[in-house]
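Let me begin by presenting the structure, written as C-alpha coordinates, before commenting on it.
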Amino acid sequence: MIYLDNSATTKPYKEVLNTFIQVNESFYANPASIHEAGVESNTLLDRARAQIAKILRTDDQQVLFTAGGTESNNFAIFGISKANTHKGKHIITTEIEHASVLESIRALQADGYEVDYLSVDSEGIISLQELNEKLRKDTVLVSIMHVNNEMGAIQPIEDAAKIIHANSRAAFHVDAVQSFGKMPVFFQDNAGPDIISISGHKIHGLKGSGVIAFRKKMNIAPLLLGGGQEYGLRSGTVAVPQAVALAKAARMAVENLGQSMENYKKWKSELFDFLLSFGNSIHLLSTLNGAAHILSFSVKDLKGEILINALQKRGIIVSTSSACSSKQKKTSHVVLALNTPPNFVNGVIRLSFGALTTDKDIQQFKIAFTEVMKELKGE
(Lines of atoms letter the chains of each structure in order from A and count residues from 1; the text may use other names and numbers.)
(Lines give C-alpha, C1' and ligand atoms only; values in the text may rest on other atoms or scores of the structure.)
Protein backbone atom coordinates (compact mmCIF):
# COMPACT_ATOMS: atom_id res chain seq x y z
CA MET A 1 0.00 0.00 0.00
CA ILE A 2 1.20 3.48 -0.91
CA TYR A 3 -0.16 5.95 1.62
CA LEU A 4 -0.57 9.56 0.49
CA ASP A 5 -3.14 10.74 3.04
CA ASN A 6 -0.83 12.05 5.76
CA SER A 7 -2.86 15.20 6.39
CA ALA A 8 -5.69 12.96 7.61
CA THR A 9 -3.39 10.98 9.89
CA THR A 10 0.11 9.56 9.88
CA LYS A 11 1.56 6.16 10.66
CA PRO A 12 3.24 6.41 14.10
CA TYR A 13 7.01 6.15 14.22
CA LYS A 14 8.16 2.83 15.69
CA GLU A 15 10.20 4.84 18.20
CA VAL A 16 7.03 6.63 19.33
CA LEU A 17 5.14 3.36 19.74
CA ASN A 18 8.03 1.89 21.72
CA THR A 19 8.12 4.96 23.97
CA PHE A 20 4.38 4.69 24.59
CA ILE A 21 4.63 1.02 25.52
CA GLN A 22 7.64 1.53 27.79
CA VAL A 23 6.01 4.37 29.71
CA ASN A 24 2.81 2.36 30.14
CA GLU A 25 4.80 -0.56 31.48
CA SER A 26 7.13 1.30 33.84
CA PHE A 27 5.51 4.65 34.66
CA TYR A 28 1.82 3.86 34.95
CA ALA A 29 1.30 5.54 38.34
CA ASN A 30 -0.92 8.62 38.59
CA PRO A 31 1.38 11.66 38.25
CA ALA A 32 -0.72 13.50 40.87
CA SER A 33 0.03 10.87 43.54
CA ILE A 34 2.59 11.78 46.19
CA HIS A 35 4.17 8.33 46.51
CA GLU A 36 7.45 7.54 44.78
CA ALA A 37 5.88 5.93 41.71
CA GLY A 38 3.63 8.96 41.23
CA VAL A 39 6.57 11.33 41.59
CA GLU A 40 8.47 9.37 38.92
CA SER A 41 5.52 9.61 36.53
CA ASN A 42 5.20 13.32 37.20
CA THR A 43 8.93 13.83 36.58
CA LEU A 44 8.52 12.16 33.19
CA LEU A 45 5.49 14.36 32.45
CA ASP A 46 7.44 17.49 33.37
CA ARG A 47 10.27 16.41 31.10
CA ALA A 48 7.89 15.93 28.16
CA ARG A 49 6.32 19.33 28.83
CA ALA A 50 9.75 20.99 28.94
CA GLN A 51 10.73 19.37 25.63
CA ILE A 52 7.61 20.72 23.89
CA ALA A 53 8.14 24.14 25.49
CA LYS A 54 11.72 24.25 24.23
CA ILE A 55 10.63 23.46 20.67
CA LEU A 56 7.90 26.12 20.78
CA ARG A 57 10.16 28.62 22.61
CA THR A 58 7.88 29.26 25.56
CA ASP A 59 7.86 28.48 29.29
CA ASP A 60 7.03 25.00 30.56
CA GLN A 61 3.97 26.33 32.40
CA GLN A 62 2.50 27.54 29.10
CA VAL A 63 2.19 24.02 27.62
CA LEU A 64 -0.93 21.95 28.31
CA PHE A 65 -1.52 18.42 27.06
CA THR A 66 -4.87 17.66 25.42
CA ALA A 67 -6.52 14.82 23.53
CA GLY A 68 -5.77 16.33 20.10
CA GLY A 69 -6.20 19.23 17.72
CA THR A 70 -9.98 19.50 18.01
CA GLU A 71 -9.82 19.76 21.78
CA SER A 72 -6.96 22.26 21.62
CA ASN A 73 -8.90 24.45 19.18
CA ASN A 74 -12.07 24.24 21.27
CA PHE A 75 -10.06 25.00 24.40
CA ALA A 76 -8.54 28.13 22.87
CA ILE A 77 -11.79 29.48 21.44
CA PHE A 78 -14.11 28.83 24.38
CA GLY A 79 -11.45 29.43 27.02
CA ILE A 80 -10.35 32.83 25.77
CA SER A 81 -13.79 34.07 24.76
CA LYS A 82 -15.53 33.15 27.99
CA ALA A 83 -12.76 34.42 30.25
CA ASN A 84 -12.57 37.82 28.56
CA THR A 85 -16.16 38.97 28.08
CA HIS A 86 -15.20 42.15 29.97
CA LYS A 87 -13.15 43.09 26.90
CA GLY A 88 -15.90 42.30 24.42
CA LYS A 89 -17.77 39.59 22.53
CA HIS A 90 -16.45 40.03 19.00
CA ILE A 91 -14.51 37.28 17.20
CA ILE A 92 -12.71 37.17 13.85
CA THR A 93 -11.89 34.01 11.91
CA THR A 94 -11.71 32.94 8.26
CA GLU A 95 -14.06 31.20 5.85
CA ILE A 96 -11.73 28.21 5.46
CA GLU A 97 -10.98 27.12 9.02
CA HIS A 98 -11.15 23.53 10.23
CA ALA A 99 -14.57 22.42 11.48
CA SER A 100 -13.32 22.32 15.07
CA VAL A 101 -12.78 26.08 14.87
CA LEU A 102 -15.85 27.00 12.81
CA GLU A 103 -18.29 24.93 14.88
CA SER A 104 -16.90 26.28 18.16
CA ILE A 105 -17.27 29.84 16.94
CA ARG A 106 -20.77 29.17 15.62
CA ALA A 107 -21.73 27.92 19.08
CA LEU A 108 -20.47 31.20 20.58
CA GLN A 109 -22.29 33.13 17.86
CA ALA A 110 -25.52 31.43 18.91
CA ASP A 111 -24.71 32.53 22.46
CA GLY A 112 -24.59 36.21 21.51
CA TYR A 113 -21.05 36.72 20.22
CA GLU A 114 -20.56 38.72 17.03
CA VAL A 115 -18.38 37.07 14.37
CA ASP A 116 -16.66 38.34 11.24
CA TYR A 117 -15.41 35.80 8.68
CA LEU A 118 -12.44 36.85 6.55
CA SER A 119 -12.68 35.92 2.88
CA VAL A 120 -9.78 34.42 0.92
CA ASP A 121 -8.46 34.96 -2.58
CA SER A 122 -8.08 32.32 -5.32
CA GLU A 123 -4.95 31.00 -3.56
CA GLY A 124 -6.73 30.68 -0.22
CA ILE A 125 -4.99 33.67 1.41
CA ILE A 126 -6.70 36.23 3.64
CA SER A 127 -6.47 39.99 3.07
CA LEU A 128 -4.48 41.75 5.78
CA GLN A 129 -6.33 44.92 4.91
CA GLU A 130 -9.67 43.21 5.57
CA LEU A 131 -8.32 41.87 8.86
CA ASN A 132 -7.30 45.37 9.90
CA GLU A 133 -10.68 46.77 8.91
CA LYS A 134 -12.59 44.09 10.84
CA LEU A 135 -10.68 44.58 14.11
CA ARG A 136 -12.67 46.42 16.79
CA LYS A 137 -12.12 47.63 20.33
CA ASP A 138 -14.30 44.78 21.55
CA THR A 139 -12.55 42.06 19.50
CA VAL A 140 -11.62 39.42 22.04
CA LEU A 141 -10.25 36.66 19.79
CA VAL A 142 -8.82 36.19 16.30
CA SER A 143 -8.44 32.58 15.14
CA ILE A 144 -6.59 31.90 11.88
CA MET A 145 -5.15 28.56 10.81
CA HIS A 146 -1.51 28.48 9.73
CA VAL A 147 -1.85 25.92 6.91
CA ASN A 148 -5.19 24.98 5.40
CA ASN A 149 -5.85 21.26 5.77
CA GLU A 150 -7.61 20.87 2.41
CA MET A 151 -5.40 22.71 -0.06
CA GLY A 152 -2.33 23.90 1.87
CA ALA A 153 -2.62 27.70 1.76
CA ILE A 154 -0.16 29.31 4.18
CA GLN A 155 -1.56 32.35 5.96
CA PRO A 156 0.69 35.39 6.71
CA ILE A 157 0.63 34.69 10.43
CA GLU A 158 3.46 37.02 11.46
CA ASP A 159 2.03 40.00 9.57
CA ALA A 160 -1.43 39.25 10.92
CA ALA A 161 -0.05 39.15 14.46
CA LYS A 162 1.52 42.59 14.08
CA ILE A 163 -1.80 44.05 12.96
CA ILE A 164 -3.79 42.32 15.70
CA HIS A 165 -1.43 43.29 18.51
CA ALA A 166 -1.05 46.89 17.30
CA ASN A 167 -4.76 47.56 16.81
CA SER A 168 -6.64 45.50 19.39
CA ARG A 169 -6.57 43.71 22.71
CA ALA A 170 -7.55 40.43 21.06
CA ALA A 171 -5.79 37.15 21.68
CA PHE A 172 -4.43 35.59 18.49
CA HIS A 173 -4.97 31.84 18.18
CA VAL A 174 -3.33 29.81 15.42
CA ASP A 175 -4.38 26.30 14.50
CA ALA A 176 -0.96 24.82 13.65
CA VAL A 177 -2.16 21.23 13.32
CA GLN A 178 -1.19 21.06 9.63
CA SER A 179 2.02 23.08 9.91
CA PHE A 180 3.81 21.90 13.04
CA GLY A 181 6.42 19.32 12.10
CA LYS A 182 6.10 20.23 8.39
CA MET A 183 7.55 23.75 8.62
CA PRO A 184 9.03 25.92 11.39
CA VAL A 185 6.46 26.72 14.10
CA PHE A 186 7.35 28.51 17.32
CA PHE A 187 6.53 31.56 19.44
CA GLN A 188 8.42 34.84 19.13
CA ASP A 189 9.11 37.47 21.77
CA ASN A 190 6.32 40.05 21.63
CA ALA A 191 5.36 38.86 18.14
CA GLY A 192 3.52 36.11 16.35
CA PRO A 193 0.54 34.19 17.72
CA ASP A 194 -0.46 34.07 21.38
CA ILE A 195 -1.85 30.52 21.28
CA ILE A 196 -0.91 27.48 19.18
CA SER A 197 -2.80 24.19 18.72
CA ILE A 198 -0.94 20.95 17.85
CA SER A 199 -2.07 17.38 17.17
CA GLY A 200 0.12 14.33 17.75
CA HIS A 201 -1.25 12.04 15.06
CA LYS A 202 -0.37 14.51 12.28
CA ILE A 203 3.37 14.19 13.03
CA HIS A 204 3.71 10.39 13.28
CA GLY A 205 2.60 10.46 16.89
CA LEU A 206 -0.48 8.89 18.45
CA LYS A 207 -4.15 9.67 18.08
CA GLY A 208 -5.61 11.07 21.28
CA SER A 209 -2.66 13.36 21.97
CA GLY A 210 -2.29 17.08 21.46
CA VAL A 211 -1.07 20.36 22.89
CA ILE A 212 -2.38 23.85 23.47
CA ALA A 213 0.48 26.25 24.13
CA PHE A 214 0.66 29.92 25.04
CA ARG A 215 3.27 32.58 24.32
CA LYS A 216 2.70 34.11 27.74
CA LYS A 217 0.38 33.73 30.72
CA MET A 218 -3.15 34.50 29.59
CA ASN A 219 -6.61 34.82 31.08
CA ILE A 220 -8.37 31.63 29.99
CA ALA A 221 -11.36 29.75 31.38
CA PRO A 222 -10.79 26.09 32.36
CA LEU A 223 -11.79 23.42 29.88
CA LEU A 224 -12.51 20.71 32.46
CA LEU A 225 -13.22 21.10 36.17
CA GLY A 226 -12.12 18.66 38.82
CA GLY A 227 -8.84 17.92 40.56
CA GLY A 228 -6.96 20.90 39.16
CA GLN A 229 -4.48 19.11 36.90
CA GLU A 230 -2.70 20.99 34.09
CA TYR A 231 -2.47 24.17 36.18
CA GLY A 232 -6.19 24.03 36.95
CA LEU A 233 -7.16 24.44 33.30
CA ARG A 234 -7.77 20.82 32.28
CA SER A 235 -8.65 18.64 35.22
CA GLY A 236 -8.41 14.88 35.02
CA THR A 237 -5.61 12.36 35.33
CA VAL A 238 -2.99 13.32 32.77
CA ALA A 239 -2.17 10.62 30.20
CA VAL A 240 1.58 10.49 30.76
CA PRO A 241 2.32 7.88 28.04
CA GLN A 242 0.54 10.00 25.41
CA ALA A 243 2.36 13.14 26.55
CA VAL A 244 5.77 11.48 26.46
CA ALA A 245 5.04 9.87 23.08
CA LEU A 246 3.95 13.25 21.70
CA ALA A 247 7.15 14.87 22.91
CA LYS A 248 9.12 12.08 21.20
CA ALA A 249 7.23 12.58 17.92
CA ALA A 250 7.73 16.35 18.12
CA ARG A 251 11.48 15.99 18.68
CA MET A 252 11.79 13.60 15.74
CA ALA A 253 9.72 15.91 13.52
CA VAL A 254 11.96 18.88 14.30
CA GLU A 255 15.16 16.86 13.90
CA ASN A 256 14.02 15.61 10.47
CA LEU A 257 12.42 18.90 9.39
CA GLY A 258 15.12 20.01 6.94
CA GLN A 259 15.14 16.75 4.98
CA SER A 260 11.36 16.43 5.12
CA MET A 261 10.79 19.93 3.74
CA GLU A 262 13.30 19.30 0.95
CA ASN A 263 11.49 16.10 -0.03
CA TYR A 264 8.04 17.68 0.12
CA LYS A 265 9.07 20.57 -2.12
CA LYS A 266 10.65 18.19 -4.66
CA TRP A 267 7.62 15.90 -4.78
CA LYS A 268 5.10 18.73 -4.98
CA SER A 269 6.97 20.42 -7.82
CA GLU A 270 7.28 17.13 -9.71
CA LEU A 271 3.60 16.30 -9.29
CA PHE A 272 2.57 19.84 -10.16
CA ASP A 273 4.23 19.50 -13.57
CA PHE A 274 2.83 16.00 -13.97
CA LEU A 275 -0.76 17.12 -13.34
CA LEU A 276 -0.41 20.14 -15.62
CA SER A 277 0.41 17.73 -18.45
CA PHE A 278 -3.24 16.61 -18.40
CA GLY A 279 -4.32 20.05 -19.63
CA ASN A 280 -7.81 21.34 -18.90
CA SER A 281 -8.91 17.99 -17.45
CA ILE A 282 -7.23 19.00 -14.20
CA HIS A 283 -7.85 22.02 -11.96
CA LEU A 284 -5.19 22.69 -9.31
CA LEU A 285 -6.51 24.02 -6.00
CA SER A 286 -3.08 24.09 -4.36
CA THR A 287 -0.34 26.47 -5.43
CA LEU A 288 3.43 26.14 -5.36
CA ASN A 289 3.46 28.92 -2.76
CA GLY A 290 1.42 26.79 -0.37
CA ALA A 291 2.56 24.16 2.11
CA ALA A 292 4.85 21.70 0.35
CA HIS A 293 3.29 18.59 1.89
CA ILE A 294 -0.24 19.15 0.51
CA LEU A 295 -1.32 19.02 -3.12
CA SER A 296 -5.02 19.25 -3.96
CA PHE A 297 -6.47 19.09 -7.45
CA SER A 298 -9.72 18.21 -9.19
CA VAL A 299 -10.61 16.19 -12.27
CA LYS A 300 -13.23 17.70 -14.55
CA ASP A 301 -16.77 16.27 -14.34
CA LEU A 302 -15.80 13.43 -12.01
CA LYS A 303 -16.59 12.64 -8.39
CA GLY A 304 -13.69 12.35 -6.02
CA GLU A 305 -15.00 9.03 -4.70
CA ILE A 306 -14.64 7.48 -8.16
CA LEU A 307 -11.01 8.55 -8.37
CA ILE A 308 -10.27 7.36 -4.84
CA ASN A 309 -11.72 3.92 -5.54
CA ALA A 310 -9.90 3.61 -8.87
CA LEU A 311 -6.59 4.52 -7.25
CA GLN A 312 -7.25 2.28 -4.26
CA LYS A 313 -7.62 -0.72 -6.60
CA ARG A 314 -4.03 0.03 -7.62
CA GLY A 315 -2.81 0.25 -4.03
CA ILE A 316 -2.74 4.06 -3.79
CA ILE A 317 -4.43 5.70 -0.78
CA VAL A 318 -5.49 9.36 -1.16
CA SER A 319 -8.46 11.39 0.11
CA THR A 320 -11.06 13.90 -0.94
CA SER A 321 -10.11 17.28 0.57
CA SER A 322 -10.61 16.85 4.35
CA ALA A 323 -10.94 13.49 6.08
CA CYS A 324 -13.14 15.14 8.72
CA SER A 325 -15.82 15.95 6.16
CA SER A 326 -15.17 13.43 3.36
CA LYS A 327 -18.06 11.18 4.44
CA GLN A 328 -20.50 14.06 4.14
CA LYS A 329 -22.23 14.58 0.81
CA LYS A 330 -22.02 18.36 0.73
CA THR A 331 -19.35 20.30 -1.11
CA SER A 332 -16.42 21.44 1.03
CA HIS A 333 -16.65 25.02 2.34
CA VAL A 334 -13.01 25.48 1.35
CA VAL A 335 -13.66 24.46 -2.26
CA LEU A 336 -16.57 26.91 -2.41
CA ALA A 337 -14.55 29.74 -0.80
CA LEU A 338 -11.92 29.34 -3.54
CA ASN A 339 -14.58 29.90 -6.24
CA THR A 340 -13.71 26.57 -7.84
CA PRO A 341 -15.32 26.16 -11.31
CA PRO A 342 -18.64 24.23 -11.05
CA ASN A 343 -17.50 21.26 -13.17
CA PHE A 344 -14.55 20.69 -10.82
CA VAL A 345 -16.15 21.03 -7.36
CA ASN A 346 -17.00 17.32 -6.97
CA GLY A 347 -13.73 15.79 -8.15
CA VAL A 348 -11.30 17.14 -5.55
CA ILE A 349 -8.43 14.87 -4.52
CA ARG A 350 -5.84 15.64 -1.85
CA LEU A 351 -2.35 14.15 -1.82
CA SER A 352 -0.43 14.70 1.40
CA PHE A 353 3.09 13.57 2.18
CA GLY A 354 4.67 12.49 5.45
CA ALA A 355 8.08 11.62 6.80
CA LEU A 356 7.63 8.01 5.68
CA THR A 357 6.76 8.88 2.07
CA THR A 358 9.37 7.81 -0.51
CA ASP A 359 10.41 8.71 -4.05
CA LYS A 360 9.05 5.33 -5.16
CA ASP A 361 5.62 6.20 -3.75
CA ILE A 362 5.48 9.31 -5.92
CA GLN A 363 6.49 7.42 -9.05
CA GLN A 364 3.90 4.72 -8.38
CA PHE A 365 1.19 7.34 -7.96
CA LYS A 366 2.07 8.87 -11.33
CA ILE A 367 1.85 5.49 -13.04
CA ALA A 368 -1.45 4.62 -11.34
CA PHE A 369 -3.04 8.02 -11.99
CA THR A 370 -2.11 7.88 -15.67
CA GLU A 371 -3.78 4.47 -15.90
CA VAL A 372 -6.89 5.74 -14.12
CA MET A 373 -7.25 8.73 -16.40
CA LYS A 374 -7.01 6.50 -19.51
CA GLU A 375 -9.53 4.07 -18.01
CA LEU A 376 -12.05 6.78 -17.14
CA LYS A 377 -11.72 8.31 -20.59
CA GLY A 378 -12.35 4.89 -22.15
CA GLU A 379 -8.98 4.74 -23.88
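By full-length UniProt numbering, the letter at position 99 of the sequence shown is numbered 99, and the numbering carries on one by one without gaps. Where is the CB? At the ideal position from N, CA and C, for every residue including glycine.
With distances taken between CB atoms, is the gap from residue i to residue j smaller than 8 Å?
{"i": "F187", "j": "I203", "result": "no"}
{"i": "H201", "j": "T10", "result": "yes"}
{"i": "R27", "j": "S41", "result": "Going by the sequence as given, residue 27 is Phe instead of Arg. Contact: yes."}
{"i": "G69", "j": "S199", "result": "yes"}
{"i": "N134", "j": "I92", "result": "Reading the sequence as shown, one finds Lys at residue 134 and not Asn. Yes, Cβ-Cβ distance for K134 and I92 is below 8 Å."}
{"i": "F297", "j": "I349", "result": "yes"}
{"i": "F78", "j": "S104", "result": "yes"}
{"i": "N219", "j": "A83", "result": "yes"}
{"i": "K182", "j": "A291", "result": "yes"}
{"i": "V307", "j": "V372", "result": "For the sequence presented, residue 307 should be read as Leu rather than Val. Contact flag set, yes."}
{"i": "I294", "j": "S7", "result": "yes"}
{"i": "N167", "j": "N132", "result": "yes"}
{"i": "T94", "j": "Y117", "result": "yes"}
{"i": "P241", "j": "G232", "result": "no"}
Just the C-alpha distance for residue i and residue j, rounded to the nearest angstrom, thanks.
{"i": "N346", "j": "W267", "result": "25 Å"}
{"i": "I80", "j": "I154", "result": "24 Å"}
{"i": "E270", "j": "V254", "result": "25 Å"}
{"i": "K366", "j": "L351", "result": "12 Å"}
{"i": "I196", "j": "A176", "result": "6 Å"}
{"i": "H283", "j": "K216", "result": "43 Å"}
{"i": "Q22", "j": "T237", "result": "19 Å"}
{"i": "S209", "j": "A67", "result": "4 Å"}
{"i": "I144", "j": "T370", "result": "37 Å"}
{"i": "L356", "j": "K14", "result": "11 Å"}
{"i": "Y264", "j": "H165", "result": "33 Å"}
{"i": "R251", "j": "I163", "result": "32 Å"}
{"i": "H98", "j": "N149", "result": "7 Å"}
{"i": "V185", "j": "Q51", "result": "14 Å"}
{"i": "E29", "j": "V335", "result": "The question names Glu, yet the displayed sequence has Ala at residue 29. Looking at the two C-alpha atoms, the distance is approximately 47 Å."}
{"i": "A213", "j": "L311", "result": "39 Å"}
{"i": "N224", "j": "A161", "result": "Checking the sequence shown, residue 224 turns out to be Leu, not Asn. So the two alpha carbons sit approximately 29 Å from each other."}
{"i": "M151", "j": "S332", "result": "11 Å"}
{"i": "K87", "j": "F353", "result": "42 Å"}
{"i": "L276", "j": "D60", "result": "47 Å"}
{"i": "K377", "j": "G304", "result": "15 Å"}
{"i": "G258", "j": "L288", "result": "18 Å"}
{"i": "I157", "j": "L102", "result": "18 Å"}
{"i": "G279", "j": "K374", "result": "14 Å"}
{"i": "N24", "j": "A171", "result": "37 Å"}
Could you check if residue i is buried or exposed, using at least 16 other CB atoms within 10 Å of its CB as the buried criterion?
{"i": "Y3", "result": "buried"}
{"i": "D194", "result": "buried"}
{"i": "A368", "result": "buried"}
{"i": "G192", "result": "buried"}
{"i": "R234", "result": "buried"}
{"i": "S119", "result": "exposed"}
{"i": "T85", "result": "exposed"}
{"i": "N343", "result": "exposed"}
{"i": "E230", "result": "buried"}
{"i": "V299", "result": "buried"}
{"i": "H35", "result": "exposed"}
{"i": "L338", "result": "buried"}
{"i": "D5", "result": "buried"}
{"i": "P341", "result": "exposed"}
So what's residue i in DSSP terms, helix, strand or just coil?
{"i": "D175", "result": "strand"}
{"i": "A245", "result": "helix"}
{"i": "G79", "result": "helix"}
{"i": "V63", "result": "strand"}
{"i": "residue 465", "result": "For the chain, the structure presents residues 1 to 379; residue 465 sits outside this window and is missing."}
{"i": "F353", "result": "coil"}
{"i": "Q155", "result": "coil"}
{"i": "H283", "result": "strand"}
{"i": "E103", "result": "helix"}
{"i": "D301", "result": "coil"}
{"i": "S269", "result": "helix"}
{"i": "H35", "result": "coil"}
{"i": "V348", "result": "strand"}
{"i": "L257", "result": "helix"}
{"i": "E123", "result": "coil"}
{"i": "T139", "result": "strand"}
{"i": "D116", "result": "strand"}
{"i": "F180", "result": "strand"}
{"i": "L4", "result": "coil"}
{"i": "V240", "result": "helix"}
{"i": "S197", "result": "strand"}
{"i": "I91", "result": "strand"}
{"i": "L338", "result": "coil"}
{"i": "I220", "result": "coil"}
{"i": "L295", "result": "strand"}
{"i": "V16", "result": "helix"}
{"i": "V23", "result": "helix"}
The ligand COA and residue i: does the residue's C-beta get closer than 7 Å to at least one heavy atom of that ligand?
{"i": "M373", "result": "Absent from the structure shown: the ligand COA. Ligands present: none."}
**Report entry** Touching by the beta-carbon criterion (3+ pairs, under 8 Å), the stretch 239 to 257 and the stretch 199 to 213
**Finding:** yes
Report task. May I ask you to verify whether the stretch 100 to 109 touches the stretch 121 to 135, counting CB pairs closer than 8 Å and requiring at least 3? Result -> no
Query raised in the report: Counting pairs of Cβ atoms below 8 Å between the stretch 71 to 89 and the stretch 42 to 62, do you hit three or more?
Result: no
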